[in-house]
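**Q** My structure is below; once you've seen it, I'll send some questions.
There are 2 protein chains.
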Amino acid sequence: MLSRADIDLVVFDVLGTLVNEPGGIRDGIRELAPDGDIDGLAELWENHVARRQQRMLDGRDPYADSETVDREAAELVADKCGVTDAAAIGRLATVERRLEPWSDTVAGLELLARQFPIVGLSNASRATLTRLSAKAGLRWHFLLSAQDANSYKPAAEVYRLAVDLAGSAPQRVLKVAAHAWDLRAAQEVGLRTAYVPRPVGDPPRDSDAFDLHAASLADLAATLGDD
Amino acid sequence: MLSRADIDLVVFDVLGTLVNEPGGIRDGIRELAPDGDIDGLAELWENHVARRQQRMLDGRDPYADSETVDREAAELVADKCGVTDAAAIGRLATVERRLEPWSDTVAGLELLARQFPIVGLSNASRATLTRLSAKAGLRWHFLLSAQDANSYKPAAEVYRLAVDLAGSAPQRVLKVAAHAWDLRAAQEVGLRTAYVPRPVGDPPRDSDAFDLHAASLADLAATLGDD
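Going line by line, the protein sequences match chains U and L. Heads up: the first sequence begins at 1 in UniProt numbering, then just goes up one per residue. Heads up: the second sequence begins at 1 in UniProt numbering, then just goes up one per residue.
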């Protein structure tokens, strides 16, 4: 069983794991187009972001940060709804700065911060992470953006940013996420993994073997504290 | 008078302003050489760091991060004292990871974090900042290391990291420090400035004109909150 003494640093996924990203995107779209097909427009947004990140990971597109990609997605959504108000589109483009934390996030980070260096590692840009952290009340010992590697998760070099920061062996770094795909990629680089379920996460398959499954961040802190 | 509505982001110097750097270095040296000339050895350390940073800023030395320079300083001090114990020298080399916060630091950052995005901007390396923040209980919305610019304060490009992160005009970014030299350099780049006195700081001269002089971080939060 993994315990406190095995871990030098805890790295958190942010979007989806600590804040409600899909809910926030839907709220932003609803603000722009109250009578629109919110789920369909959110799918348009999410597909655009996924496709653009994949094209960058495949080397077909040059790197662009998350703010650039979010702006493109906001423009696509606005186009689809026939909205042309630049201020409204600009507000949707920055929706990730205003995502809401899950109910256990702020207290859970506080608990874990007493036990470990806590670091965020996110596909969001540095500027977005700063505003999002301030708005949602997430406070860190350090923050890494995939922008630091000019790439996106699940690329291995993004997880290596955390290993380099820790200055430890990868197996002494614990990655926490609500997305099995994110934990699998962290595992490939040698990190330890903790899955935390969220309503919008990507649950593990039978074939996954993560080090910990915690019901919440408080549960994770309690589990790691018992050593 | 500068007030809350004028500022998008607050940037803090860390070493000296939030944690007692000279005191921590002296404690580390005392641990290595209890009977040594602590002030003389601390001067040796501080002069080495200052000279190395200056040589890098002048382009005479290639960039090396703060951990590398601290290790050189620790070896110089050990040499001077005739200490050869590698573990003891290694512990002194990482002394900046264990600096103590000033008494108002943790609560003051907490107060300011409710009002603004709070960002650290330090000459310490990213790895040192992570460990130091965890040990001293400093928690951030983002952290910038001069290492991100392969340089050191007072080089202008280090302050520009904060302006880029804010995505605002420089005059909407407030720099907080106990060192007048640091505030002067921030001013050159257009940032607003707040001086907070510390026993080990660099006080303003009559010719300095900083935007705010606060007695403590709590005083700074109260002053900025009145708008």
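In this text, a Cβ means the ideal position worked out from N, Cα and C, and glycines have one as well.
Hey, how far is the Cα of U/Ala162 from the Cα of L/Lys135?
**A** Their backbone Cα atoms lie some 18 Å apart in a straight line.
**Q** When we look at the beta-carbon of U/Ser125 and count the other beta-carbons within 10 Å, is it buried (16 or more) or exposed?
**A** That one is buried.
**Q** Alpha carbons only, please: which of U/Gln53, U/Val83 and U/Leu76 is nearest the one belonging to U/Glu43?
**A** When each option's Cα is compared against that of U/Glu43, the closest is U/Leu76.
**Q** Please state whether the Cβ-Cβ distance between L/Thr130 and U/Val119 is less than 9 Å.
**A** Going by C-beta atoms, L/Thr130 is nearer than 9 Å to U/Val119.
**Q** Taking L/Thr128 and L/Glu188 to be in contact with their CB atoms under 8 Å, please state how far apart those CB atoms are, rounded to whole angstroms.
**A** That belief does not hold up - the Cβ atoms of L/Thr128 and L/Glu188 are roughly 26 Å apart, past 8 Å.
**Q** Are the C-beta of L/Ser122 and some C-beta of chain U separated by less than 9 Å?
**A** Answer no: the Cβ-Cβ gap between L/Ser122 and chain U never drops below 9 Å.
**Q** Measure the beta-carbon distance from U/Leu92 to U/Ala107 and round it to whole angstroms, keeping in mind my assumption that it falls under 8 Å.
**A** Actually they do not touch by this definition, with Cβ atoms about 30 Å apart.
**Q** Give the residues from the region 155-171 of chain L that approach chain U closer than 7 Å (Cβ to any Cβ), ordered along the chain.
**A** The residues in question are Leu165 and Gly167.
**Q** Quick one: residues in its chain with C-beta nearer than 8 Å to the C-beta of L/Leu132, no 5 flanking neighbours on either side, listed in chain order?
**A** Val14, Val19, Glu96, Arg97, Arg98, Leu99, Ala124 and Leu138.
**Q** Whole angstroms are fine: how far does the CA of L/Arg26 sit from the CA of U/Leu174?
**A** Cα-Cα distance, rounded: 34 Å.
**Q** Would you mind working out which of L/Lys80, L/Asp79 and L/Met56 sits nearest L/Val69, comparing C-alpha positions?
**A** Cα-wise, what sits closest to L/Val69 is L/Met56.
**Q** Report the rounded CA-to-CA distance for L/Gly90 versus L/Trp181, giving the unit in angstroms.
**A** Approximately 31 Å between the Cα atoms of the pair.
**Q** Below 8 Å on the Cβ atoms is my guess for U/Pro197 versus U/Ala178; work out the distance and round it to an integer in Å.
**A** U/Pro197 to U/Ala178, Cβ: 6 Å. Contact.
**Q** By DSSP, does U/Val14 sit in helix, in strand, or in coil?
**A** Of the three classes helix, strand and coil, the one that applies to U/Val14 here is coil, per DSSP.
**Q** What span of residues does the alpha helix (DSSP H) with U/Ile7 cover, start to end?
**A** That residue, U/Ile7, is in no alpha helix (DSSP H); it is neither H nor E in DSSP.
**Q** Locate the beta strand (DSSP E) running through L/Ser122, then write down its first and last residues.
**A** Per DSSP, L/Ser122 belongs to the beta strand (DSSP E) from Ile118 to Ser122.
**Q** State the DSSP-derived secondary structure class of L/Lys175, mapped to helix, strand or coil.
**A** It is a strand residue.
**Q** Can you round the beta-carbon distance between U/Phe116 and U/Ile7 to whole angstroms, since I take them to be within the 8 Å contact cut?
**A** The pair is a contact, with the Cβ atoms about 6 Å apart (cut-off 8 Å).
**Q** Measure the CB-CB distance between L/Leu220 and L/Ala194 and report whether it falls below 9 Å.
**A** Closer than 9 Å, so yes.
**Q** Does the ligand SAH have even one heavy atom less than 8 Å from the beta-carbon of L/Trp102?
**A** Absence of the ligand SAH from the depicted structure is noted, as is the absence of any ligand whatsoever, leaving it without description.
**Q** If you draw a straight line from the alpha carbon of U/Gly167 to that of L/Ala86, how long is it in whole angstroms?
**A** Taking the straight line from one Cα to the other gives about 19 Å.
**Q** CB-CB under 8 Å to L/Cys81, same chain, minus the five flanking residues each way: which ones, in chain order?
**A** So the list reads Leu32, Ala33, Gly36 and Leu41, once near-sequence residues are dropped.
**Q** Spell out the partners DSSP gives U/Leu144 in its beta bridges.
**A** Per DSSP, U/Leu121.
**Q** Residues in its own chain within less than 7 Å of U/Pro154 by CB, not counting five upstream and five downstream?
**A** Closer than 7 Å at Cβ, skipping near neighbours: Trp181, Asp182 and Ala185.
**Q** Which residues, in chain order, does the region 132-144 of chain U contribute to contact with chain L at a C-beta distance below 9 Å?
**A** Result list: Leu132, Ser133, Ala134, Lys135, Gly137, Leu138, Arg139, Trp140, His141, Phe142, Leu143 and Leu144.
**Q** Could you tell me which of L/Gly24, L/Ser207 and L/Ala64 sits nearest to L/Ala146, measuring between CA atoms?
**A** With distances taken between Cα atoms, L/Ala146 lies closest to L/Ala64.
**Q** Mind listing the chain L neighbours of U/Val119? Cutoff is C-beta to C-beta under 7 Å, in chain order.
**A** Under the 7 Å cutoff, chain L gives Thr130.
**Q** Which residues in chain U have a C-beta closer than 7 Å to the C-beta of L/Ala127? List them in chain order.
**A** By Cβ distance, chain U contributes Leu165 and Gly167.
**Q** Roughly how many whole angstroms lie between the Cα atoms of L/Asp104 and L/Leu9?
**A** Answer to the nearest angstrom: the Cα atoms are 20 Å apart.
**Q** Under a Cβ-count criterion, where at least 16 other Cβ atoms within 10 Å of its own Cβ denotes burial, should U/Arg192 be classed as buried or exposed?
**A** With 16 or more other Cβ atoms within 10 Å, it is buried.
**Q** With distance defined between alpha-carbon atoms, name the residue in U/Ala209, U/Leu121, U/Met1 and U/Ala50 nearest to U/Phe12.
**A** Among U/Ala209, U/Leu121, U/Met1 and U/Ala50, the Cα nearest to that of U/Phe12 is on U/Leu121.
**Q** Pick from U/Asp61, U/Asp208, U/Asp58 and U/Ala78: whose alpha carbon is nearest that of U/Trp45?
**A** The candidate whose alpha carbon is nearest that of U/Trp45 is U/Ala78.
**Q** Which stretch, first to last residue, makes up the beta strand (DSSP E) that contains L/Thr193?
**A** Looking at the DSSP string, the run of the beta strand (DSSP E) that includes L/Thr193 is Arg192 to Tyr195.
**Q** How about residue 268 of chain U and U/Leu217: are their beta carbons less than 9 Å apart?
**A** For chain U, the structure presents residues 1 to 227; residue 268 of chain U sits outside this window and is missing.
**Q** In chain U, which residues lie with their C-beta within 7 Å of the C-beta of L/Ala113?
**A** Simply Arg139.
**Q** Buried or exposed: L/Pro101, going by 16 or more other Cβ atoms within 10 Å of its Cβ?
**A** Buried is the call here.
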